[in-house]
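Chemist: Quick one: structure below, then a few questions.
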Amino acid sequence: MLANLTSSERQNALILAGGVTLVGAVMAIMGRSDVLGVHGVIVMLFGGVVSWMVMASFYGPEPAEDRAASYYDDPIKVGIALAMAWAVFGMFMGVWVAAQLAWPDLAFDAAWSSFGRLRPTHTSGVIFGFGGNALIATSFHVVQRTSRARLAGQVSPWFVLLGFNLFCVLAISGYLLGVTQSKEYAEAEWYADLWLVIVWVTYFMLYIATIARRKEPHIYVANWYFMAFILVVAILHIVNNLAIPVSWGHAKSYTIWPGVQDAMVQWWYGHNAVAFFLTAGFLGMLYYYLPVRAQRPIFSYRLSILSFWGITFFYMWAGSHHLHYTALPHWVQTLGMTFSVMLLVPSWASAGNALLTLNGAWHRVRDDATLRFMMAAAVFYGLSTFEGSFMAIRPVNSLSHYTDWTVGHVHAGALGWVALITFGSLYTLVPSLWKREGMYSATLVEVHFWLAIAGTLIYVFAMWNSGIIQGLMWRTYTEEGSLAYSFLDSLVAMYPYYIARAFGGLLFLIGAVIGCYNMWMTVRAAPLAATRAADAPVLPAAVPGE
Amino acid sequence: MPELFHRKLERSAIGFVIAIIAAASVGGIVEIAPLFTIDETVEEAPDMRLYTPLELAGRNIYIREGCYACHSQMIRTLRDEVERYGPYSLAVESQYDRPMLWGSKRTGPDLARVGGKYSDFWHVAHLTNPRDVVPESNMPAYRWLARNALRTDDLPQHLAAQKALGVPYTDEMIENAARDAYGQATPDTEFASGVTERYGEATQVSAFDGVTTQVTEMDALVAYLQILGRLTDAAYRDTAATEQPPDPED
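Shown next, in the form of structure tokens:
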């Protein structure tokens, strides 16, 4: 892991890891009468383990002089492993909480395992653990290849990757301990949020510095999306998480945003976490790995421009559609609805651009499950963005809001789009990174594909059914003009769908486990690629698109 | 020739970064900033009282346990919601809520006006095991709440943090926060009278979980659930609601 670092860089790494350990010690002392102390100990352990790993190979041989003549792939490899580990963890938590809705005793009467505490471990586990690590790893890969330049740092990529995972560990262990801000998808408390700001600013500096080194005159479209992802997520994260802690020794903080303003800030954040974390970053993946795998250039450069700026501008207005018919002023709701509908244009421009890129490569889609993952992802992207615009229309939202329909919609996007594009990209990336001929087993990729599709469809259909039934039961009147169903009637009607949903999620989880095994075996046992085109920054490499 | 311009933009990393920030900033600024400047955004409610320290602690338990993941606290302006849950929610009702707990999903019913609808005893039984009172329920059981003593020593710090953000707690309230939390859950002690003095005669002082020897997390959570929707009568006054506000004596 450290073979690529010079001794002075190893010193810097050790100072950083030691610094983190020290901060952990301070947190442990300041928060000794609070759960903050537990987190202090976790930070200490994390910093200590990293320090120990740096020291273990501190006096290893110096790297070869011509580092700049090769790409820096070590952090990418670790990032992929972490992404897959988080995927299994996050999806397992998802199946567990889904099962708890059908069988509530699966909480086993403990505080840490009750639904309310486990639910954010699922959402943060898959969004930040799985999605975030996959984004960091692929963005490091894409930016180097499309810029034909090595990453502009040796220690900083490790700092970004490991620092981000420390944030994930603090967030998720916090939920189990009862530490949460309750802001959806921003539950982590103030100290974890501050840490993420430091990590994220480093990530941005590293990314921009690498792009500044590029040997291509133009910045490739995938990098536009990765830049938008890094920048806007920073803005969203900082604004939404502004808070003052109860004291320096407390994990608990109070947000500076009160009531209605907090609702608007929260859903401005929440919806754009979907837009810039779960869409922009993954479109960056799509714009690189799909053309590479299909061996076709991107269909249209103009469509890329249209969809990029459309998404960057329109999405930031759309958050208020989460607050239709609430105490949020009507004019803000109307703006949110309008921009949500307009969003369909850039969204479908992206989905169409991806699918039209496959023209001339459909035989590969048929034969190659990896490319099919990406094709299916583009289809689900198109479907769920259509559904999203539809659900943002106020009268539709009156039925869908507060119901499982929203949950189904989110998972059509998260499973069908985000996870499928990630698996497709990783199945492309893993053999190339470890210089293998291909994945260990093409059959297992095929099995994973069908498990993922079946799981997604079962999940989404179950939630569509339950959501629409719920919404209709809540608003059904008897002929005498009174409400026809009690709330409990609607809950009882949900049970079959909650069981079906857990089953769909289980299929998806099994697929991810198979994917892990396949990747592991690819690294361990797949034959080395006999002849592979040189993959180095100094040589001209084919950049897809343009 | 917009395309030519974009080709130029693609050659400058800094230019691209600035363009992204500019494009992405407009929506948030236009939608969020006016919420602080337009007066009609939050209605007037002079009768509105603050959360007592015990209720605030209960609210923090509600947050800690993730209750908001399944229960909304926002009745929408729809006929069926008003008939099912009561007058639609006003912005002023959550003006002191940091964070707001409007929620996004109703696996369970809305709780915006649950205060006073059930007895303390019902809440304790329900939280201890929901299926004892509602056999079809899929809500988790929260038995440990009645076993856990409530941490009250840091409540003055909590109130002070709220005050720093603009919630009008007085110095007296902050100073007495721990005593008031104890007093609200132990009606027969000398500490009980201070609660009603500081937070109003209508404040519910009660042995919420039925045990007065110890103030537990159950006491705090039930105290919070019982105040939901009852901080102000504004929703019953300025709307078309036919319902009467709940009687504090109930």
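Quick note, the sequences are listed as chains A and B, same order. The opening position of the first sequence corresponds to residue 1 in the numbering used here, with each subsequent residue numbered one higher. The opening position of the second sequence corresponds to residue 547 in the numbering used here, with each subsequent residue numbered one higher. Where a beta carbon is used, it is the ideal one built from N, C-alpha and C, also for glycine.
1. Taking all protein chains shown into account, do 16 or more other C-beta atoms lie within 10 angstroms of the C-beta of A/Pro540, making it buried, or fewer, making it exposed?
2. Which residues, in chain order, does the segment 585-603 of chain B contribute to contact with chain A at a C-beta distance below 8 Å?
3. Taking its Cβ as the centre, do 16 or more other Cβ atoms sit within 10 Å of B/Glu611, making it buried, or is it exposed?
4. Got a sec, what are the start and stop residues for the beta strand (DSSP E) A/Tyr254 sits in?
5. With a cut-off of 8 Å, do at least 3 Cβ pairs link the segment 82-102 of chain A to the segment 492-508 of chain A?
6. Say whether the segment 189-202 of chain A touches the segment 276-284 of chain A, bearing in mind that this needs 3 or more beta-carbon pairs closer than 8 Å, one atom from each stretch.
7. For A/Ala228, which residues in the same chain have their Cβ closer than 7 Å to its Cβ, ignoring the five residues on either side in sequence?
8. Relative to the C-alpha of B/Gln750, which residue among B/Thr583, B/Ile607, B/Ala569 and B/Asp666 is closest?
9. If we call anything under 7 Å between Cβ atoms a contact, is B/Leu673 one with B/Tyr688?
10. Would you kindly work out how many angstroms separate the C-alpha atoms of A/Pro255 and A/Glu189, rounded to a whole number?
11. Rounded to whole angstroms, how far is the Cβ of B/Gln730 from the Cβ of B/Ala769, which I believe are closer than 8 Å?
12. Please return the same chain residues whose Cβ sits closer than 6 Å to the Cβ of A/Phe46, not counting the five positions on each side in sequence.
13. On the CB-based measure, 16 or more other CB atoms within 10 Å of its CB, does A/Ser304 come out buried or exposed?
14. Please list the terminal residues of the continuous alpha helix (DSSP H) segment that includes A/Ile172.
15. Flag B/His617 as yes if its beta-carbon sits less than 7 Å from any beta-carbon of chain E, otherwise no.
16. Buried or exposed for A/Ser8, going by 16 or more other Cβ atoms inside 10 Å?
17. With a cut-off of 8 Å on the beta carbons, I'd call A/Trp405 and A/His322 a contact; round off their distance for me.
18. With 9 Å as the limit, tell me which residues of the segment 641-675 of chain B have their beta carbon closer than that to any beta carbon of chain A; keep them in chain order.
19. Is there a C-beta anywhere in chain B that falls below 7 Å from the one on A/Phe313?
20. From B/Gly756 to B/Ala692, what does the alpha carbon distance come to, in whole angstroms?
21. Smallest Cα separation from B/Leu581: which of B/Leu774, B/Pro655, B/Val638 and B/Ser739?
22. Specify, as a first and last residue, the run of the alpha helix (DSSP H) that A/Ala25 falls within.
23. Looking only at its chain, what residues have a beta carbon closer than 6 Å to the beta carbon of A/Pro245, apart from the 5 residues adjacent to it on each side?
24. Along the chain, which unbroken stretches of the beta strand (DSSP E) at least 3 residues long are found entirely within the segment 662-731 of chain B?
25. Counting only Cβ pairs nearer than 8 Å, list the residues of chain B close to A/Lys252.
26. Alpha carbon to alpha carbon, how far is A/Gly48 from B/Arg659? Give it in angstroms, no decimals.
27. Cβ atoms of B/Trp648 and A/Ala462: under 7 Å apart, would you say?
28. I'd like the list of long-range same chain contacts for A/Ser156, defined as Cβ closer than 6 Å, with 5 residues on each side in sequence excluded.
29. Between which two residues does the beta strand (DSSP E) harbouring A/Pro245 extend?
30. If we require 4 or more residues per run, which alpha helix (DSSP H) segments fall completely within the segment 488-535 of chain A?
31. From what residue to what residue does the alpha helix (DSSP H) around A/Gly90 run?
32. Does DSSP put A/Tyr427 in a helix, a strand or coil?
33. What does A/Tyr325 touch in chain B if you count any residue whose Cβ is under 7 Å from its own?
34. Which same chain residues end up closer than 6 Å to A/Ser307 when comparing Cβ atoms and leaving out the 5 residues on each side of it in sequence?
35. Under 7 Å between beta-carbons, which chain A residues line up against B/Tyr614? List them in chain order, please.
36. B/Arg595 by DSSP, collapsed to three states: which one?
Modeler: With the given structure in hand:
1. At A/Pro540 the pLDDT is 43, less than 50, meaning the model places this residue with poor confidence; the figure from the coordinates comes in the next sentence. Exposed: under 16 other Cβ atoms inside 10 Å.
2. Glu586, Thr587 and Val588
3. Result: buried.
4. Ser253 to Thr255
5. yes
6. no
7. Here the set comprises Phe276, Ala280 and Thr312.
8. B/Asp666
9. yes
10. At residue 255 of chain A the sequence reads Thr, which differs from the Pro that was named. Rounded to the nearest angstrom, the two C-alpha atoms are 10 Å apart.
11. 6 Å
12. Leu166
13. buried
14. Ser156 to Leu177
15. The structure shown contains no chain E; its protein chains are A and B.
16. exposed
17. Actually they are not in contact, since the Cβ atoms of A/Trp405 and A/His322 sit about 13 Å apart, beyond 8 Å.
18. Gln641, Tyr642, Asp643, Arg644, Pro645, Met646, Leu647, Trp648, Gly649, Ser650, Lys651, Arg652, Thr653, Gly654, Pro655 and Asp656
19. yes
20. 10 Å
21. B/Val638
22. Ser7 to Met30
23. Closer than 6 Å at Cβ, skipping near neighbours: Trp190 and Ser253.
24. none
25. Under the 8 Å cutoff, chain B gives Asn606 and His704.
26. 50 Å
27. In this structure, A/Ala462 keeps its C-beta atom at 7 Å or more from the C-beta atom of B/Trp648.
28. Thr202 and Leu206
29. Ala243 to Pro245
30. none
31. Asp74 to Ala102
32. helix
33. Arg622, Thr623 and Leu624
34. Pro346, Ala349 and Ser350
35. Ser182
36. coil
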